[in-house]
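For the numbering used here, count along the sequence shown from 1 and bump the result up by 131. The beta carbon of each residue, even a glycine, is placed where N, CA and C say it ideally should be.
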Amino acid sequence: VEKDEAIFQVLKNYIIESKRIRFEGNGYGEEWKKEAKKRGLNNIPTTPGALDAMVSKKTLDMFESQGILNHREQEARYEISLETYTKKIQIESRIIADMVNNQIIPAALNYQNSLVDTTRGLKEIMSAEEFKTVAKTQLELIKEISERVTLIKTEAFEMTEERKQANTLDSGKKQAHAYCDKVKPYFESIRYNVDKLEAIVDDAMWPLPKYREMLYLR
């Protein structure tokens, strides 16, 4: 009993001491950002920003004073971590551009062409009034595919140009931050429009497994 009581008291002290930094909600949501600011805590949302803390004077001095890593060793680890991050984002960016240009856009255009052929056929056998009513859905799909393909193509090109610019920068830190701030944001916007196309394009023409196919057996 005495041992259990001692353990309980130690845990109780830990809980009290860590109260300022504990958060039981969504650590990725806006609620935590506001709460962290209220508590006076750092809230660094990006990997390059978090890595910068590795080489702050406080961190460098702490590791060296404990005989863990000297300044040069810690700075070397920092540079390696930056390069690893940059390479990963670079690889993802290249893959996204390749998939978009060689798989997604061609599939979307093939489906669009089939819709155009169907619509043209309807126009030939229907009156103008009938065509206007019946072909409304096809025309809307053709327009949406064109708009999303244009957006995806443009963003993939812009992403590639930002990557080229980042590669010209003269330090690992600048490159990592450029990939984070200039290249990575395109991932989400490109994915959004690709997801919309996925919901439109015929399964037989879509070159990749769709989400529902990965979750459920066909």
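Out of the options, point me to the one whose CA is closest to residue i's CA.
| i | options | result |
| --- | --- | --- |
| Val280 | Tyr242, Ser224, Ala181 and Ala266 | Tyr242 |
| Cys183 | Ile146, Lys168, Ala307 and Asn298 | The amino acid at residue 183 is misidentified as Cys; the sequence shows Asp. Comparing Cα positions, the closest option is Ala307. |
| Asn324 | Lys165, Thr291 and Thr285 | Thr285 |
| Ile331 | Thr299, Thr291, Cys311 and Gln269 | Gln269 |
| Glu275 | Met290, Met230 and Glu329 | Glu329 |
| Lys150 | Glu136, Leu172 and Gly160 | Leu172 |
| Thr250 | Ile273, Asp229 and Glu260 | Ile273 |
| Pro340 | Met230, Gly158 and Gln205 | Met230 |
| Ile283 | Thr299, Gln234 and Ala259 | Gln234 |
| Tyr310 | Met193, Lys219, Gln140 and Glu271 | Lys219 |
| Gly160 | Arg170, Pro176 and Glu148 | Pro176 |
| Lys327 | Glu278, Leu246 and Lys143 | Glu278 |
| Ala335 | Ser258, Ser245 and Leu300 | Ser245 |
Where does the unbroken alpha helix (DSSP H) through residue i begin, and where does it stop?
| i | result |
| --- | --- |
| Ser224 | His202 to Met230 |
| Thr299 | Where Thr299 is concerned, there is no enclosing alpha helix (DSSP H), given that its DSSP letter is neither H nor E. |
| Met193 | Lys188 to Ser196 |
| Ser320 | Pro316 to Glu329 |
| Gly171 | Gly171 -> no alpha helix (DSSP H), and no H or E assigned at all. |
| Lys136 | Sequence check: residue 136 is Glu here, not Lys. Per DSSP, Glu136 belongs to the alpha helix (DSSP H) from Glu133 to Glu148. |
| Phe262 | Ala259 to Val265 |
| Arg251 | Ile236 to Ile256 |
| Ala181 | Thr178 to Asp183 |
| Glu344 | Tyr342 to Leu346 |
Quick one: measure Cβ to Cβ for residue i and residue j, integer angstroms, because I've assumed they're closer than 8 Å.
| i | j | result |
| --- | --- | --- |
| Ala287 | Ile321 | 6 Å |
| Tyr216 | Pro179 | 7 Å |
| Trp337 | Ala266 | Not a contact, Cβ separation roughly 23 Å. |
| Val314 | Glu293 | 5 Å |
| Glu204 | Gly303 | Incorrect: roughly 16 Å between the Cβ atoms, too far for contact. |
Between the beta-carbon of residue i and the beta-carbon of residue j, is there less than 8 Å?
| i | j | result |
| --- | --- | --- |
| Leu213 | His202 | no |
| Phe318 | Ile227 | yes |
| Ala167 | Asn174 | yes |
| Met185 | Arg153 | no |
| Ser187 | Met290 | no |
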